[in-house]
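Going down the list, the sequences are from chains A and B. The first sequence begins at 35 in the working numbering and counts up one residue at a time. The second sequence begins at 35 in the working numbering and counts up one residue at a time. Each residue gets a CB set at the ideal place from its N, CA and C atoms; glycine is no exception.
Protein chains: 2
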Amino acid sequence: MKIELIERLSKDSSQKTLLCVLDGLGGLPGPDGLTALEAASTKNLDELARLGSQGRTLPVGYGITPGSGPGHLALFGYDPLEYEIGRGVLEATGIDFVLGPDDVAARGNFCDIDVNGLIADRRAGRQSTEITANLCELLSQIEMNDIEIFVLPVREQRFVLVLRGNELSALVSETDPQIEGARPSVCEPLNGSVAAERTASLIRRWVNAAHDLLKERNQGNGILLRGWSVRPNLPSFPVIWKTRAAACAVYPMYRGVASLVGMDVINAGGNLSDQIQGMTEQWNSFDFFFLHYKYADSAGEDGDFAGKVEAIETFDRYVPELMELNPDVIVVTGDHSTPAVMSGHSWHSVPTLIAGRQVRPDEQVTFGERSAIFGELGQFPANELLPIAFAHAGKLAKFGA
Amino acid sequence: MKIELIERLSKDSSQKTLLCVLDGLGGLPGPDGLTALEAASTKNLDELARLGSQGRTLPVGYGITPGSGPGHLALFGYDPLEYEIGRGVLEATGIDFVLGPDDVAARGNFCDIDVNGLIADRRAGRQSTEITANLCELLSQIEMNDIEIFVLPVREQRFVLVLRGNELSALVSETDPQIEGARPSVCEPLNGSVAAERTASLIRRWVNAAHDLLKERNQGNGILLRGWSVRPNLPSFPVIWKTRAAACAVYPMYRGVASLVGMDVINAGGNLSDQIQGMTEQWNSFDFFFLHYKYADSAGEDGDFAGKVEAIETFDRYVPELMELNPDVIVVTGDHSTPAVMSGHSWHSVPTLIAGRQVRPDEQVTFGERSAIFGELGQFPANELLPIAFAHAGKLAKFGA
């Protein structure tokens, strides 16, 4: 649904919607010919499937393998081809850094540079997060006129660089050539604007200063920057939907994407039990909850089919507690598929179910990829899932007389 | 998928994709209540259906009956509503005539004109191809300043007229009123441009000269021209997909459409056996093969249900030989439906199957219109089929971080 139509049709409702995202939920058959979701023992999700209806979402489009950013934007109702989150912004957001509207962010790597100035290891031997934290502190000493600079450790060799000031632009080139044996690229403006020229010149000076500070080191004596970006101009989720929306996610990146669209972030602790407690405490303060569960994706990324089965079974055990919150509408889906046999995200559709009072049931009694083919909801773009859910929650007015 | 997105996400892959197009594949039930595809004995296609997944493509849109041009453009990944191939261009392409970028082409008919100057028979009694060839040679004598003129026989009373020169335009009116008993129309410019004015004037002079040369004849003493068009500006298939693409088609029109999008045409001989030999010889030189098989459509057009069954069974017998080529991804589909009971193209969806390593299987074990309803791929626009196939061949990078 287009944003303009959402704004026109959305209305207040006292009903509560719970969107459960099992990251990387969809899969491909494992050793016994069943997918992880099909193989998992999920009596509670199956009961929801029996009461509700199923379908299959396409996160970005046919044949397109989504990153986590677009996968979640789609689940929040935004067309991920229209609204893009750059890598630098996603990374900054992923460490809970609150980006200002004019901040320019990049994802950085510490790397190894040999005596000839060539990149020997793009990841500096995957140096520890601790070393990266120390080096970020060191690089934070670099000062430049007029702009504020943030150098923030992420994990292992990764860090985020944020430039804050007037007249900055993200239309500058990356310094990471993305191959070893090459020289780090020189940052250049990507258009003729004053802001791009100025930003590229600031970055060149900053990179030189950084390399000066790092040059005596054996490992991590260089830096590579990519994914220059500014915060996307996303219409506010609470405003367009006239809702009070809360995000409950253990991993910062998902809190980050939710806060980029204007959701409030509530306490998620470190596991599903903590998350349910956090939602219970805030149940009366919000009418939309986004619950993120990471471990189906993690196991899939690791190629661990049994681990993915287990992660899904763990989630299933918490479904009764989620139902005790008494959501009017509950949705269970994923942001994309992560088949363990592929050890990565994939383009395949995502099994999705919805349960609630006005759901039209289908004949399926288990939740899974093959059941979902026969589901009431059919196959549809993931960014239409939220309108469907909110329709069931009484949040969409009639269109036309 | 939009062309811009294809260009952004496509990447090299060593995997090979084989697109088999059974022209006019989809149908309606025949005497026993089964469609030709359902009635045909197709153990090899059924085995692919068992291993792979099925769906249904919509070539142009709901309710739209496609011509062969748009049907194939969609299968090659182009939105057929955005890219149109004019009738003149399609006809020229169909006789292996290589159009220059500025050539203006029309489809011509020889017709019978009576003593009052009215059209008595729009098709000159469907005069033989041989007579048409002789008349085209006669009309090739007409010379005009500054432009080159090609008059080329097609089949029966049909021919192609191509004008080559500077400042020509296809924005001129047709001379074929498409009814008998009317006078041939006079060619007029369709806008006020110098090129359209000039082209219309050249065409009027050419038509008068042609009628002078033909006036003594009893049959075929006139000509009618329609479908003025120039080569469409189609983004190059090999460039946008970063692939080496080969077309293997017995009928020239399909070679023509493939070459309009930039595919290489390889030796197809006169039948499936020759085609497979041609592909075998070129297997290492390309990573995408378009194999065209005409006879399902021909039988459908003739209203010959049994013939269509037989044509599909013939194709099925060659499937093992195709599989010996060892494609990583194989797709079997049609460019449109041609139900024998309609003796023509139709708007119905087209049963489609895909098999390969990362295909998510469904529960279907036979290939057919009704099986495809329950397939993993669902119902989708035909121009999304190639992105799906190429995703399975590892040719599409992840979208977003």
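### Query
In this structure, what does DSSP give as the bridge partners for V206(B)?
DSSP output for V206(B) lists P223(B) as bridge partner(s).
### Query
By Cβ distance, which residues of its chain are closer than 8 Å to L430(B), with the 5 residues on each side in sequence left out?
L43, S44, K45, P421 and F424
### Task
Return the residues of the segment 94-105 of chain A that lie within a Cβ-Cβ distance of less than 9 Å from chain E, sorted by chain order.
The question asks about chain E, but that chain is absent: this structure's protein chains are A and B.
### Pick from S47(B), G256(B) and Q316(B) that is closest to N150(B), judged by C-alpha positions
G256(B)
### Task
For M178(B), name the three-state secondary structure that DSSP assigns.
strand
### Query
In terms of residues, what are the limits of the beta strand (DSSP E) holding H326(A)?
H326(A): member of the beta strand (DSSP E) spanning F322 to Y327, first to last residue.
### Message
If we define contact as Cβ-Cβ less than 8 Å, is F110(A) a contact residue for chain B?
### Response
At a cut-off of 8 Å between beta carbons, F110(A) makes no contact with chain B.
### Message
Taking only three categories from DSSP, how would you classify T233(B)?
### Response
helix
### Task
Please name the residue in G226(A), S319(A), S174(A) and G103(A) whose C-alpha comes closest to that of L197(A).
S174(A)
### Query
According to DSSP, what are the bridge partners of N143(B)?
As DSSP reads the structure, N143(B) sits in a beta bridge with R192(B) and L258(B).
### Message
Distance check for W317(A) and A427(A), CA to CA, integer angstroms please.
### Response
16 Å
### Task
Keeping to the same chain, check which residues put their C-beta closer than 7 Å to that of G337(B); ignore five residues upstream and five downstream.
A374 and S377
### Query
Measuring CB to CB, does L82(A) end up less than 8 Å from I346(A)?
In this structure, I346(A) does not lie closer than 8 Å to L82(A) by Cβ.
### Query
Would a check of beta-carbon distances place H379(A) closer than 8 Å to chain B?
yes
### Task
Give a yes or no on contact between the segment 296-309 of chain A and the segment 82-94 of chain A, applying the rule of three or more CB pairs nearer than 8 Å.
Taking a contact to require three or more Cβ pairs closer than 8 Å, the segment 296-309 of chain A and the segment 82-94 of chain A do not qualify as touching.
### Message
Does the structure place the segment 169-186 of chain B close enough to the segment 235-255 of chain B that three or more beta carbon pairs sit under 8 Å?
### Response
yes
### Closer than 8 Å at the beta carbon, the chain B residues around L68(A)
Taking a Cβ-Cβ threshold of 8 Å, none of the residues of chain B is close to L68(A); the smallest such distance is about 11 Å.
### Query
Hey, does I388(B) have any beta-carbon neighbour from chain A nearer than 8 Å?
no
### Query
So is A83(B) in contact with chain A if we call contact Cβ pairs under 8 Å?
Not closer than 8 Å to any Cβ of chain A, the Cβ of A83(B) fails to qualify, so no.
### Query
Roughly how many whole angstroms lie between the Cα atoms of I213(A) and I153(A)?
8 Å
#### Entry: Collapsed DSSP secondary structure at G60(A) in the structure displayed
Strand.
### Query
Would a C-beta distance cut-off of 8 Å place A126(A) and V194(A) closer than the cut-off?
Cβ distance < 8 Å, so A126(A) and V194(A) count as in contact.
### Query
Name the residues in the segment 392-404 of chain B whose C-beta lies less than 7 Å from a C-beta of chain A; which are they?
Q392, R394, P395, D396 and E397
### Query
DSSP puts I388(A) in a beta bridge; with which residues?
S87(A) and V365(A)
### Task
Between the Cα of M357(A) and those of E397(A), E335(A), F271(A) and Q311(A), spot the shortest distance and give me the residue it belongs to.
Q311(A)
### Query
Who are the Cβ neighbours of V393(A) in its own chain at under 7 Å, not counting the five residues just before and after it?
G86, S87 and H426
### Reduced DSSP category for D66(B) - H, G, I as helix; E, B as strand; rest coil
In the three-state reduction of the DSSP assignment, D66(B) falls in the coil class, being assigned neither a helical nor a strand state.
### Task
Please classify F271(A): does DSSP put it in a helix, a strand, or coil?
helix
### Distance CB(R121(B))-CB(G261(B)) smaller than 8 Å
yes
### Message
Could you pull the DSSP bridge partners for V55(B) from this structure?
### Response
H326(B) and T367(B)
### Task
Look up D298(A) in the DSSP assignment and give the residues it is bridged to.
Paired residues: A280(A).
### Residue nearest to S164(A) in terms of C-alpha spacing, selected from I181(A), P187(A) and C145(A)
Note that residue 164(A) corresponds to Glu in the displayed sequence, not to Ser. Closest option to E164(A), Cα to Cα, is P187(A).
### Message
Going by DSSP, what residue range makes up the alpha helix (DSSP H) through Q311(A)?
### Response
L306 to Q316
### For W275(B) and V299(B), the rounded distance between their alpha carbons
17 Å
### Task
Pull up the distance between the alpha-carbon of G58(A) and that of S207(A), whole angstroms please.
32 Å
### Message
Is the separation between the beta-carbon of L325(B) and that of L53(B) shorter than 8 Å?
### Response
yes
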